[in-house]
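In this text, residue positions in the sequence shown follow my numbering: the first is 246, and each later residue adds one.
Where a beta carbon is used, it is the ideal one built from N, C-alpha and C, also for glycine.
This report concerns only the one structure given below.
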Amino acid sequence: MIPPANCTLSSDLVFHPNWWKQVVLDVRLRSNNITFSTVADPVPDEVDSGGNTWLSWVLLLSLLMWTVKKNLFDPLHHWDRLGVRTGPRLLPYFGHLWGIWKEQIFELDHYAIHKESRILGYYEGHRPVLLVGEPEVIKELMVTRFEDFTDRRSPLQPVPKYIRKMLFWQKGDEWRLSRQVISPFFTMSKTRQMMSVMNQCVDQMIAETLGKTGSEGIELDMKAMSVCLSMDTITRCVYGIRIPGLLDPQHPVIQHSGLFNKQVESPFIVLVAKYPFLASILYRILPDFMGFQNINFYVELGRQILNEKAAGSESLRSEFLELLLKVRTLEEETGSVVRNNNHLLNHHKVPNQKNQVRMMTEEMILAQAFFLVIAGFETTSTVLAGAAFCLASNPDCQDKLYQELKERFPDRNVEMTQEDLAKCSYLDKVVKESLRLFPAIYRLERIAVRDTELDGIPIRKGDLAVVPTWAIHHSADHYENPDLFDPDRWNEDRMGEPAPFTYMPFGAGPRICLGKRFAQENLKTTIAKWVLNFSFQKGPRTPDTFQCGPNPISMTPKDIFVKLVPRHPLQK
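Below you can see the structure in the form of structure tokens.
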């Protein structure tokens, strides 16, 4: 019913903090036949029922507007109430995510900490997120208050099988146990043993490349080439097998990794990834759309290898799987995955007791093996593609590197060791600079596991804090000409070692990447052998800039074509 013409409803009344008191007063006045002074004439008895209907509509509309305000607008004032600066383009429901599907997240981070503030609040939908670009506060987040920020955000709720057991996504005590179990695989001595595998994989890639090129060279997609090489290396080291034809981009193992990345890079997935409840609904309705069906391919590959290992196959030499199988046996015998550690023993029931909880299940073993494969090939291949692009774009840097390597390795086909590579100072600088420019994980995320504070700002349990790694690596506050590929910036007479928490290609704090040493040696070996055998040059399809797809987790280069010209006469 339409209210009387001489009665108005002010929006100020609805959004006034005591609006409900005004409505109650209105009800009381009407129940006692008392009218407002704004009403010129008494309301006739025959329209009393209409007035009551009008009042019902007022109450309903007020309740609706209050609900909208509380759920759509009030959450977007969280940082304002705490005195934390927020970014522009804030919209109800979307928060600061509107338009994110057409922009690079790491570039938005860069703009935020340089144009807005090093400590900036923003909203993923209605979820408050604190962007931390101040090194001292990063230290507080990653180290000082690590026990308050131990976990990463989950990609889905509930997290799908296998993904939930990956070291990257594990939480709390389960993560601590898994890390302690896996750590022995990444010791310096183990990495030294795997150097032989790294050399073999690169030598095979070089031989195949030389076999399909002429003296004038060949233009190749360095990302695709690096994915094949990295996958070959990591599957040999983790699974202990050599998969024939893995250097072919059309191989099923490579194709499934590409399909997974393409689906993850979907603009829709980038948006859904910021709304876990939406992602969960989509996963239940269209699980294949989110790319998780490609995980099953690698899981089944791991299960087949695991079964052969458990059956005592001598043809498979996987130290990683052997390590996990030994831990599983230890758990079956003692009820613990770690020897002589009472704290860890308390987290697992002794066998044959009721309600026993097993940690080293088949799901756990397969999840960790799959995680190392994905993490190993994707991150390494990104940096390798970036290094090749930069060397082709900076021939003076490439010549300097070649001269150093030629002096250290007169025989370009020699097997390189950790000790040999450690003596190549310029190679080390090239790798450092490539990791600075192309950190595979371009932002670090931590979830508050309890109510705490950060830089004096109250943080609630479940709130998210983000460190924009790529943005910090490209900050003029920390690096001179930050977008320039300049390995000499690492010279002692210039910058030397970077300031703490301004260089984090492998993360920081207790959750720093376990495979850091393995990745560094793999990068050095590959780049050294590449440069000794090929001159990297810009070709017709070489892009002017390093372009990436919109991946919500990592940098994924696209179409990084570089011309490879053999440095030595080809053997016929």
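Reduced DSSP secondary structure (H/G/I, E/B, other) of residue i
i    : result
V712 : strand
V269 : Bear in mind that a pLDDT of 49 at V269, under 50, signals an unreliable position, so the number given afterwards is only what the model happens to contain. DSSP places V269 in helix when its eight states are reduced to three.
H593 : Below a pLDDT of 50, predicted positions are generally treated as unreliable, and H593, at 41, falls in that range; the measurement from the model is reported next regardless. Coil.
T458 : coil
P287 : For P287, the predicted model reports a pLDDT of 49, less than 50, meaning its position is unreliable; a value from the coordinates is still stated below. In the structure shown, P287 sits in coil (DSSP, three-state: anything other than H, G, I, E or B).
D319 : helix
P655 : coil
N586 : Below a pLDDT of 50, predicted positions are generally treated as unreliable, and N586, at 45, falls in that range; the measurement from the model is reported next regardless. N586 falls in the coil class under three-state DSSP.
V377 : strand
T480 : helix
T579 : helix
S307 : helix
S799 : strand
Same chain only: Cβ atoms within 7 Å of residue i, ignoring 5 sequence neighbours per side
i    : result
I757 : F751
Q415 : S423
L336 : W343
N767 : M443, T478, T625
D393 : A693, V694, R695, T697
R487 : R481
R372 : L709
V842 : Not covered by the structure: residue 842. The range shown for the chain is 246 to 817.
Distance between residue j and residue i (C-alpha atoms, nearest Å)
i    : j    : result
F791 : S638 : 11 Å
S626 : A716 : 21 Å
E567 : V712 : 36 Å
S301 : L309 : 12 Å
I212 : T298 : The structure shown does not extend to residue 212, since the chain is modelled only from 246 through 817, so no value can be given for it.
I408 : S399 : 9 Å
E737 : S799 : 31 Å
I463 : L629 : 18 Å
V659 : I499 : 28 Å
V572 : S581 : 9 Å
E578 : L570 : 12 Å
E187 : E348 : The shown model of the chain, from 246 to 817, leaves out residue 187, and the question about it has no answer.
E352 : E678 : 19 Å
L376 : G366 : 6 Å
D325 : S441 : 56 Å
L646 : I526 : 51 Å
K435 : P802 : 30 Å
H588 : T574 : Residue placement at H588 is flagged as unreliable, the pLDDT there being 39, under the threshold of 50; the coordinate-derived value follows with that caveat. Approximately 19 Å, taken between the alpha carbons.
I358 : M740 : 22 Å
A556 : K406 : 25 Å
Same chain, Cβ closer than 6 Å to residue i, five either side skipped, listed in chain order
i    : result
I479 : V618, G621, F622
K818 : Since the first residue of the chain shown is 246 and the last is 817, residue 818 is not available in this structure.
L317 : P337
R437 : Q663
G340 : Y368, E369, G370
M467 : A630, A633, I805, V807
L590 : Because L590 sits at a pLDDT of 36, beneath the cut-off of 50, its placement in the model cannot be relied upon, and the following sentence gives the value as read from the coordinates. S581.
K761 : F751
Whether residue i touches residue j by CB criterion (7 Å)
i    : j    : result
V807 : T787 : yes
L386 : A710 : yes
C669 : R653 : yes
A614 : V483 : yes
I805 : F634 : yes
K774 : W735 : no
I704 : A721 : no
E453 : L491 : no
F431 : L759 : yes
L666 : K769 : yes
R691 : T714 : no
R397 : G378 : no
F542 : H496 : no
T747 : H723 : yes
Sequence-distant residues of the same chain with beta carbon closer than 8 Å to residue i, five excluded per side
i    : result
E607 : R548, L551
N778 : I451, L455, R657, P811, R812, H813
L474 : C446, V447, M450, L492, S626, L629, T771
Residues sharing a beta bridge with residue i, DSSP
i    : result
R372 : E369
I692 : D396, L709
G340 : L336, E369
P703 : E698
P811 : F779
F806 : D466
C793 : P802
T627 : DSSP, once it has assigned bridges, lists no residue as partnering T627.
T331 : G366
I427 : I427 is not bridged to any residue.
I686 : S799
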